[in-house]
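What follows is a set of notes on a single structure, which appears directly below.
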Amino acid sequence: MRHVAPVELTDLPTLTDIKGSVKPIHRPPIEASFAEIEAAYDDFAAAIPHDLHALTPIGLSPDVRKTLATIFSSRLGKFRSLWDALNDHFEDTGNSTCPYCNFGEQWEHDHYLPKSMFPEFTLFPRNLVPICKPCNGKKLARYHETGSRLFIYALSELSGIDGLLQVDITYLPKLTVSYSLANPGTLESFAVLERHFQALDLGRRYTKQASTTMALLLKTFQSPASLDLGPRKLRRRLRQMAIDRKTQCPPNHWEVALLQHLAESGDFVNYVFS
């Protein structure tokens, strides 16, 4: 869960550019609905982010829908340049993780508003958000729930927001890790974030990753060499690990939240020596 800065639209081919670059057979369907599609683009931009779920499809004909889908799937004409520019832009940010979950590898550009319901936004770069395969498989064509927005729009939300993850650890009778959300008090759309967290099953997915990390940490900290250092130095090591990972990871990363919790509580080191 993190913000990703969108690419400047002025750096990308426009719908006019794409229409003029595809084969003549594909141009008439786009031309027939060109004004309506461009108006829909303006409506999308005006709705970002809080009212995106309230947009309604403009009702394109099957021929137009098919043409837009073909251009998208085959990367025809200058849409190929647009697609490559999106890939280059998000790679240049230095964070290759999926902004929906913040740990999966970016695999695809997801249509925030599904192209099956909103074909007018099939080629619109503001509707294309990086996503990993697991998140894409869970999001599918969903975008609202009982009239409320279901997912954070990462291209405009969460900028500068950190500390969203809360970690709880129990040590007895069995070591277990769980994740929940903590409202930093500055996020108006926290209810959307909660739905996002639940819909993508992030609590379970973070816990699965954390369980592996905890097992490795226990193995390392319970080695004779580590035990010889004593509790105080091991706590210091944990604090440094948390600092190092925070500089390496994007905001709201599950591992940073875990290490910060371990470093602050002292319970983990006590458990190591128990």
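Going by this note's numbering, the first residue of the sequence shown is number 1392, and it counts up by one from there. We put the CB at the ideal spot given by N, CA and C, even for glycine.
Practice prompt. On a CA-only basis, which of Gln1589, Gly1621, Leu1650 and Gly1576 is nearest leucine 1607? Give me that one, please.
Written response: Leu1650
Discussion item. Please tell me whether threonine 1447 and proline 1641 are closer than 8 Å, where the distance is taken between their beta carbons.
Written reply: no
Discussion item. With distance defined between alpha-carbon atoms, name the residue in Ala1616, Val1583, Leu1618 and Phe1612 nearest to methionine 1632.
Written reply: Phe1612
Worksheet item: By Cβ distance, which residues of its chain are closer than 6 Å to phenylalanine 1659, with the 5 residues on each side in sequence left out?
Response: Leu1653
Worksheet item: So what does DSSP say about phenylalanine 1644, is it helix, strand or coil?
Response: The sequence shown places histidine at residue 1644, rather than the phenylalanine named in the question. DSSP places histidine 1644 in coil when its eight states are reduced to three.
Discussion item. Considering just the uninterrupted stretch of the alpha helix (DSSP H) at proline 1564, what are its terminal residues?
Written reply: Here proline 1564 belongs to no alpha helix (DSSP H), and DSSP marks it neither H nor E.
Worksheet item: Thinking C-alpha only, which one of Pro1521, Asp1408, Glu1427 and Gly1495 is nearest leucine 1467?
Response: Asp1408
Item to complete: Decide if leucine 1400 is buried, meaning its Cβ has at least 16 other Cβ atoms within 10 Å, or exposed.
Response: exposed
Practice prompt. With DSSP collapsed to three states, give me the class of glutamine 1497.
Written response: coil
Discussion item. Short of 8 Å in beta carbon distance, which residues of its chain neighbour phenylalanine 1463, apart from the five on each side in sequence? Order them along the chain.
Written reply: Phe1470, Lys1506, Thr1513 and Leu1514
Discussion item. On a Cα-Cα basis, can you pick out the residue from Asn1661, Thr1458 and Asp1454 that is closest to tyrosine 1666?
Written reply: No statement about residue 1666 is possible, as the shown extent of the chain runs from 1392 to 1665 and does not include it.
Discussion item. Report the start-end ranges of each alpha helix (DSSP H) in the segment 1566-1606 that is 4 residues or longer and not cut off at the edges.
Written reply: 1581-1590
Fill in: Ordered list of alpha helix (DSSP H) runs contained in the segment 1423-1487, each at least 4 residues
1425-1438, 1453-1465 and 1470-1483
Worksheet item: Excluding five sequence neighbours on each side, which residues of the same chain lie with their C-beta closer than 8 Å to the C-beta of aspartate 1635?
Response: none
Worksheet item: How about asparagine 1478 and histidine 1502: do their beta carbons lie closer than 8 Å?
Response: no
Item to complete: Kindly identify the DSSP beta-bridge partner or partners of glutamate 1536.
Response: Ser1539
Fill in: Assumed close pair glutamine 1600, tryptophan 1645 - CB separation to whole angstroms, cut-off 8 Å
6 Å
Worksheet item: In angstroms, rounded to a whole number, what distance separates the CA positions of serine 1569 and threonine 1598?
Response: 6 Å
Fill in: DSSP state of leucine 1653 mapped onto helix, strand, coil
helix
Worksheet item: Can you give the Cα-Cα distance for valine 1395 and arginine 1627, rounded to whole angstroms?
Response: 33 Å
Worksheet item: Tell me, which residues are paired with glutamine 1557 by DSSP?
Response: Ser1571
Item to complete: Taking valine 1660 as part of the alpha helix (DSSP H), name the residues at either end of that continuous run.
Response: 1658-1663
Discussion item. Taking the alpha-carbon of leucine 1403 as reference, which of Trp1474, Leu1555, Leu1443 and Ile1449 has the nearest alpha-carbon?
Written reply: Trp1474
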